[in-house]
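Numbering of the sequence shown is given in full-length UniProt numbering, commencing with residue 1 and proceeding in unit increments.
First up is the structure itself, then whatever we jot down about it.
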Amino acid sequence: MEVILKEDVPKLGSRGDVVKVAEGYGRNYLLPHKLAIEANAANKAVIDQMRAAANRRSEREKGDAETLAAKFADVSLTFRRKAGEKDHLFGSVTSSEIAEELAKKGLEVDRRKIQLTDTIKTLGEHNVTVKLHRDVPVSFKVVVEKEAE
Numbered sequence: 001m002e003v004i005l006k007e008d009v010p011k012l013g014s015r016g017d018v019v020k021v022a023e024g025y026g027r028n029y030l031l032p033h034k035l036a037i038e039a040n041a042a043n044k045a046v047i048d049q050m051r052a053a054a055n056r057r058s059e060r061e062k063g064d065a066e067t068l069a070a071k072f073a074d075v076s077l078t079f080r081r082k083a084g085e086k087d088h089l090f091g092s093v094t095s096s097e098i099a100e101e102l103a104k105k106g107l108e109v110d111r112r113k114i115q116l117t118d119t120i121k122t123l124g125e126h127n128v129t130v131k132l133h134r135d136v137p138v139s140f141k142v143v144v145e146k147e148a149e
C-alpha cells in the first residue's frame, strides 16, 4: 500500500513523502492516527501543489532574509556591564538583550534565531550569528565594555 505522510514518522520518512508500507500498518496505524493519507492520484496532485506553494514561500522568505542580511553589514552592538577581576561580567549578555538592541537599530529579529556559541560572560569582542533563513546566516560583532564606576 502506498501512503503520503502528513507528518514525520521515525524510520519511515518525512512529511510529504510517498512511501510503500504494509497494508496492516497503513490501515491500522498510519491512517487512523492521521499520520498519512492514501496515495491516490487526487491526493498526489494536492501534495504537489502544496510542495510548490511551500517552495515559493521558502524562496520569498529567503529573498526577504537576504535583504535583511544586507542591513547587517555595518552592525556592531556595544553593551556596558559591571565586571569583576579578570574581566568576568556579573551576569551575562543574553540573546534577548541582543534582540532588543537590534530592534532599537530597526532590525527585528526573533531571539531564537540568534546563535551564541557560548554565553557572553567576559569583556571584549564576541562574534554572534543570526540565522535569518536556513541558507542565510549573518555574523556581526558584539562588544562588551566595562561600565564606569
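Beta carbons: idealized from backbone N, C-alpha and C, even for Gly.
(message) What would DSSP say about Arg-80, mapped onto helix, strand or coil?
(response) strand
(request) Buried or exposed for Met-95, please, with buried defined as at least 16 other CB atoms from any protein chain shown within 10 angstroms of its CB. (result) In the sequence under discussion, the amino acid at residue 95 is Ser, which differs from the Met named in the question. Ser-95 should be labelled buried.
(message) Can you confirm whether Arg-80, when its beta carbon is compared against all beta carbons of chain C, has any partner nearer than 9 angstroms?
(response) Among the chains in the structure shown there is no chain C, since it carries only a single protein chain.
(request) Consult DSSP for Ala-22 and reduce its assignment to one of helix, strand or coil. (result) Correct three-state label for Ala-22: coil.
(message) So, with DSSP's three-state summary, where would you put Glu-38?
(response) strand
(request) Could you name the residues of the same chain whose beta carbon sits closer than 7 angstroms to that of Thr-78, not counting the 5 residues immediately before and after it, in chain order? (result) Val-143 and Glu-145
(request) Give me whichever residues DSSP pairs with Val-3 in a beta bridge. (result) Val-19 and Glu-38
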